[in-house]
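Everything on this sheet refers to the single structure shown next.
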Ligand code: AMP
């Protein structure tokens, strides 16, 4: 083991017994290992259940469903078509602050449309960028017009933290030579 000066930040230990090409291969393998997760992997764990309400149901029906299942958004359906999305924020801004009756208001009148969606092959980072751009915290995942599930910002953050934990583990194994 030779110790090299690593500049201002201190010392970096490098296992010089391993050929450089092998080390490079490991770095390439590690790069492939990192940032690999696709949004479809979240759905594999979480399942494909998507809750929706009919466009003609009341806002009260929608928030009752959201409260029962402890979720922050429901999709709004018109027949077989997803017409919009209704979230806690919609309730706050379009019903509560406007002093409208949730019993009297049709969810179709206060939903957001069009719905922004993700592709199952999108990476976690791409989904986060989409959410940041559309200032939303929920993304239905759609493939060829078929609804596969829905992910929230919480699902993405959890997956990212799991990935980072695996990344740290992977790097420490590499640095200590147990990789
Ligand atoms: P959220 O942060 O998800 O509660 O949503 C904030 C606002 O964006 C609300 O008006 C939602 O109806 C809307 N919204 C949430 N998700 C989406 C989406 N996937 N596509 C379009 N609008 C959305």
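Numbering (my numbering), first residue to last: 42 to 220.
Cβ coordinates follow ideal geometry from the N, Cα and C atoms, glycine included.
Since this is a predicted model, take the numbers as computed values, not measurements.
Under a Cβ-count criterion, where at least 16 other Cβ atoms within 10 Å of its own Cβ denotes burial, should residue 152 be classed as buried or exposed? Taking the first residue of the chain shown as position 1, residue 152 is located at position 111. Buried, by the Cβ-count rule.
Does any heavy atom of the ligand AMP sit closer than 7 Å to the C-beta of residue 177? Numbered from 1 along the chain shown, position 136 holds the residue referred to as residue 177. Yes, the Cβ of residue 177 comes within 7 Å of a heavy atom of the ligand AMP.
Close beta carbons around residue 194, own chain, < 8 Å, minus the five adjacent residues each side: Sequence index remark: in the chain shown, residue 194 carries index 153 (1-based). Here the set comprises 169, 172, 178 and 179.
Going by DSSP, what residue range makes up the alpha helix (DSSP H) through residue 146? By 1-based counting over the chain shown, the position of residue 146 is 105. It is not in any alpha helix (DSSP H) - residue 146 carries neither H nor E in the DSSP assignment.
Under a Cβ-count criterion, where at least 16 other Cβ atoms within 10 Å of its own Cβ denotes burial, should residue 216 be classed as buried or exposed? Here residue 216 refers to the residue found at position 175 when the chain shown is read from its first residue. Per the 10 Å Cβ criterion, exposed.
What are the boundary residues of the beta strand (DSSP E) that residue 158 is part of? Walking along the chain shown from the start, residue 158 turns up at place 117. No beta strand (DSSP E) holds residue 158; DSSP gives it neither H nor E.
Touching by the beta-carbon criterion (3+ pairs, under 8 Å), the region 80-96 and the region 133-145: Three or more beta-carbon pairs separated by less than 8 Å are not found between the region 80-96 and the region 133-145, which leaves the two stretches without contact.
Consider the C-beta atom of residue 140 and the heavy atoms of the ligand AMP; say whether any pair is separated by less than 7 Å. Looking up residue 140 in the chain shown gives position 99. Result no, Cβ not under 7 Å from the ligand AMP.
Based on DSSP bridge pairs, tell me the residues matched to residue 186. Locating residue 186 in the chain shown gives position 145, counting from the first residue. Beta-bridge pairing links residue 186 to no other residue.
Decide if residue 159 is buried, meaning its Cβ has at least 16 other Cβ atoms within 10 Å, or exposed. Residue 159 sits at position 118 when you count from the first residue of the chain shown. Flag for residue 159 reads buried.
Just the Cα atoms here: how many angstroms apart are residue 104 and residue 163? Numbered from its first residue, the chain shown carries residue 104 at position 63. Numbered from its first residue, the chain shown carries residue 163 at position 122. About 30 Å.
Would you kindly report the start and end of the unbroken beta strand (DSSP E) that includes residue 195? Looking up residue 195 in the chain shown gives position 154. Unbroken run through residue 195 is the alpha helix (DSSP H), 194-217; no beta strand (DSSP E).
Would you kindly report the start and end of the unbroken alpha helix (DSSP H) that includes residue 165? The sequence position of residue 165 within the chain shown is 124, counting from 1. It spans 165-175 - the alpha helix (DSSP H) in which residue 165 sits, taken as one unbroken run.
Looking only at its chain, what residues have a beta carbon closer than 8 Å to the beta carbon of residue 191, apart from the 5 residues adjacent to it on each side? Taking the chain shown and counting its residues from 1, the one referred to as residue 191 is at position 150. Contacts found: 91, 114, 116, 179, 180, 181 and 182.
Do residue 78 and residue 204 have their C-beta atoms closer together than 8 Å? Translated into positions along the chain shown, residue 78 becomes position 37. Translated into positions along the chain shown, residue 204 becomes position 163. The answer is yes: Cβ separation under 8 Å.
Bounding residues of the beta strand (DSSP E) (the contiguous stretch that carries residue 118): Taking the chain shown and counting its residues from 1, the one referred to as residue 118 is at position 77. Element bounds for residue 118: 114-119.
Reducing DSSP to helix, strand and coil, say where residue 126 ends up. Locating residue 126 in the chain shown gives position 85, where the first residue counts as 1. For residue 126, the secondary structure class from DSSP, reduced to helix, strand or coil, is strand.
Enclosing alpha helix (DSSP H) for residue 102 [first to last residue]: Numbered from 1 along the chain shown, position 61 holds the residue referred to as residue 102. Here the alpha helix (DSSP H) through residue 102 covers 100-110.
Under 8 Å between C-beta atoms of residue 161 and residue 80: By one-based count along the chain shown, residue 161 stands at place 120. By one-based count along the chain shown, residue 80 stands at place 39. Taking 8 Å as the Cβ cut-off, residue 161 and residue 80 qualify as a contacting pair.
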